[in-house]
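Sequence positions in the sequence shown follow this note's numbering and run -11 to 238.
Every residue gets a Cβ at the ideal spot worked out from N, C-alpha and C, and that includes glycine.
The structure appears right after this line, and notes come after that.
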Amino acid sequence: MAWLPKYEELERAVGGRNWLDMMIVYFDEYAYEQQEFTRRLNGLIGEMNEACADRITFVQELWSVPGEPVPVKIAVFLEEMMNKEGSRECQLADLVNEALPICDEFRRSVNSANWEPQFIYYCERSKLDDIRLARQINTLCDTLTNVIDGRWAFIGELETLAYKEVAEDTEKMENYNQLSCQLRNGVRMRDRYIRELQTSDMFDEVVESIKILKRLQLDDMEKASRLLLMAREIQSKVFEKNTFIARLRD
């Protein structure tokens, strides 16, 4: 038992007088020191876990910020990382400064050298957990950066394609409008020709010609209306494409 040498040493020191009371006091103080050390060590572990939880929370907040584009989320995330209790090096330095007094007290309390490798292993493992989390966060940032770069490249390709399609659609719209105008002009010219025929002698051939011209008038008017409608539909599509590209850039 580790406490037996201390017990015998204490008994020799007090010369067998009131040694039981001295032992009770000694063990009470020893138990109190152990409880205090355990409390401080648990506090240290809690702070380390809290630091890891804060970093995990940052990542979760990065994905959950509503209504913000990805670049703004990254800026907010990095700003939080830089402003939260200084840099990572300062946090690790503070952690070491807090752990050293506890280590010294722990060594004095247990009077053993076996604790040191275990405690060092624990601290190294906690440090590796922090490093692993930092690498995961850096990987996430790199992934988000690649996603953003890919998105901008995709937007550029869409813009190129959209400009090409818009130019083609605009040309079609102008052609449809031009054909519609030509048909309407032809209708007006035939109207004048029909009026001239109606003022002349109404032979059977003239009457038949007027009927044919009127049928052509109706056909041309329908064609002109359809062409005008097609031109308006193309104009609407051009507007929708431009609006879509503008939204992607926002």
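- Which whole runs of the alpha helix (DSSP H) in the segment 128 to 186 are 4 residues long or more, in chain order? none
- Query: Considering only C-alpha positions, which residue in the set Lys225, Leu32 and Glu35 is nearest to Tyr151?
  - Reply: Lys225
- Task: Rounded to whole angstroms, what's the CA-CA distance from Ile222 to Lys211? Just pull it up for me.
- Result: Going from the Cα of Ile222 to the Cα of Lys211 covers about 17 Å.
- Message: I'd like to know whether the C-beta atoms of Leu132 and Asn165 end up nearer to each other than 9 Å.
- Response: no
- Item | Residues of its chain near Thr158, where Cβ-Cβ distance is below 7 Å and the 5 sequence neighbours each way are ignored | Excluding residues within five positions, the ones whose Cβ falls inside 7 Å are Val226.
- Minimum C-alpha distance to Ser168 - residue among Glu35, Arg28 and Met218: Met218
- Rounded C-alpha distance that separates Arg178 from Arg220: 26 Å
- In or out: Leu116 buried (at least 16 other Cβ within 10 Å) or exposed? exposed
- Message: On the CB-based measure, 16 or more other CB atoms within 10 Å of its CB, does Phe142 come out buried or exposed?
- Response: exposed
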